[in-house]
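Chemist: Below: one structure in structure tokens.
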């Protein structure tokens, strides 16, 4: 009797999409994966199998690849495990990429820790159209995971990118350093701080590009006399 050869772990999980052909491959996903990692963490065959799994699950391949980059940063990997394709997820380095159906008016997709099953990198799409994408961390004051590095896209077209932190004055997680882009071309870039007089976060150091193309850069403070933020230096 000829002994059964031991298969690679990624081939041990039944997958009806295993019999792919070149016409079914998303070249954009494959090209981006190889641009980022070449074949350092996966062979061509496994990259193609990952592509099939991502498409069959309707997952965001860019979010998946950005998540891999996050995991490969020093100190983030939990194990030496390479890719394992499962029926409802993809495992890598101690994390599991998966998605959830709408739970409490939001759809979640990304890499979770295996032990406590917390989202650490991915995206959350809310029923109102808002999307949070990037690195997530548990915020004790809110008793939930929240975006701390990445971008938020609102339904009105406004985008906020950068570092987010919990602010006690507003009792919520807000952008403290980064960029705010509005559909009309208005852009704010720099550090933000809570301004008690208006009970909001405002730009205090950085640059503003107005929708007419003009720019201002420097430091802003709240003027009681003018009842608004004013540029004090540039």
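Numbering (the working numbering), first residue to last: 3 to 236.
Note that beta-carbon positions come from the ideal geometry of N, C-alpha and C, so glycine has one too.
1) In three-state DSSP terms, what is residue 138?
2) Go through its chain and collect everything with a Cβ distance to residue 191's Cβ below 6 Å, but skip five positions before and after it.
3) Would you identify the three-state DSSP class for residue 58, choosing helix, strand or coil?
4) If I measure Cβ to Cβ from residue 67 and keep anything under 7 Å in the same chain, skipping five residues before and after, which residues do I get?
5) Taking all protein chains shown into account, decide if residue 46 is buried (16 or more other Cβ within 10 angstroms of its Cβ) or exposed.
6) So the beta strand (DSSP E) residue 167 belongs to, where does it begin and stop?
7) Does the structure place the segment 88-104 close enough to the segment 143-160 that three or more beta carbon pairs sit under 8 Å?
8) Could you please give the first and the last residue of the uninterrupted beta strand (DSSP E) stretch that includes residue 128?
9) Give me the residue from 204, 163, 193 with the minimum Cα distance to residue 183.
10) Residues in the same chain with beta-carbon distance under 6 Å from residue 156, minus the five sequence neighbours each way, listed in chain order, please.
11) Are the Cβ atoms of residue 137 and residue 151 separated by less than 7 Å?
12) Can you tell me the Cα-Cα spacing of residue 201 and residue 114, whole angstroms?
13) How far does the beta strand (DSSP E) with residue 111 in it extend, from its first residue to its last?
14) Once DSSP output is grouped into helix, strand and coil, what is the label at residue 99?
15) Assign residue 38 to one of three DSSP states: helix, strand, or coil.
16) In terms of residues, what are the limits of the alpha helix (DSSP H) holding residue 71?
17) Taking residue 223 as part of the beta strand (DSSP E), name the residues at either end of that continuous run.
18) Below 8 Å on the Cβ atoms is my contact criterion, and I expect residue 53 with residue 27 to pass it. Report the Cβ-Cβ distance as a whole number of Å.
19) Let me check understanding here. Comparing Cα to Cα, which of 50, 188, 195 lies closest to residue 213?
20) Identify whether residue 195 lies in helix, strand or coil by the three-state DSSP scheme.
21) Which one or two residues does DSSP pair with residue 242 in a beta bridge?
22) Between 78, 83, 64, 77, which has its C-alpha nearest residue 44's C-alpha?
Modeler: Looking at the atomic coordinates:
1) The count along the chain shown starts at 1 and reaches residue 138 at position 136. In the structure shown, residue 138 sits in a strand (DSSP, three-state: E or B).
2) Here residue 191 refers to the residue found at position 189 when the chain shown is read from its first residue. 181, 208, 209.
3) Taking the chain shown and counting its residues from 1, one reaches residue 58 at position 56. Residue state, collapsed to three classes: helix.
4) As a working mapping, residue 67 is identified with position 65 in the chain shown. Cβ neighbours of residue 67 beyond the five flanking positions: 34, 35, 38.
5) One-based indexing of the chain shown puts residue 46 at position 44. Result: exposed.
6) Locating residue 167 in the chain shown gives position 165, counting from the first residue. Element bounds for residue 167: 161-169.
7) no
8) Taking the chain shown and counting its residues from 1, the one referred to as residue 128 is at position 126. Taken as a continuous stretch (DSSP letters only), the beta strand (DSSP E) holding residue 128 covers 121-128.
9) Here residue 183 refers to the residue found at position 181 when the chain shown is read from its first residue. Minimum Cα distance to residue 183 is reached at 163.
10) Position 154 of the chain shown holds residue 156. Cβ neighbours of residue 156 beyond the five flanking positions: 132.
11) Locating residue 137 in the chain shown gives position 135, counting from the first residue. Locating residue 151 in the chain shown gives position 149, counting from the first residue. Contact flag set, yes.
12) As a first step, residue 201 is located in the chain shown; it is residue number 199 there, counting from the start. As a first step, residue 114 is located in the chain shown; it is residue number 112 there, counting from the start. If you take the alpha carbons of residue 201 and residue 114, they lie about 35 Å apart.
13) As a first step, residue 111 is located in the chain shown; it is residue number 109 there, counting from the start. 108-115 is the extent of the beta strand (DSSP E) around residue 111.
14) By 1-based counting over the chain shown, the position of residue 99 is 97. Strand, per DSSP.
15) Counting from one through the chain shown, the residue named residue 38 turns up at place 36. In the three-state reduction of the DSSP assignment, residue 38 falls in the helix class, which pools H, G and I.
16) Along the chain shown, one-based indexing puts residue 71 at 69. Residue 71 -> alpha helix (DSSP H) spans 63-73.
17) By one-based count along the chain shown, residue 223 stands at place 221. Counting along the chain, the beta strand (DSSP E) containing residue 223 begins and ends at 217-225.
18) As a first step, residue 53 must be located in the chain shown, where it is residue number 51. As a first step, residue 27 must be located in the chain shown, where it is residue number 25. Sure, about 6 Å apart at Cβ, within 8 Å.
19) Here residue 213 refers to the residue found at position 211 when the chain shown is read from its first residue. Residue 188 is the option with its Cα nearest to residue 213.
20) Along the chain shown, read from residue 1 onward, the residue named residue 195 stands at position 193. In the structure shown, residue 195 sits in a strand (DSSP, three-state: E or B).
21) Limits of the chain in this structure are 3 at one end and 236 at the other, which puts residue 242 out of reach.
22) Counting from 1 along the chain shown, the entry for residue 44 is found at position 42. If we check each option's Cα against that of residue 44, 83 comes out closest.
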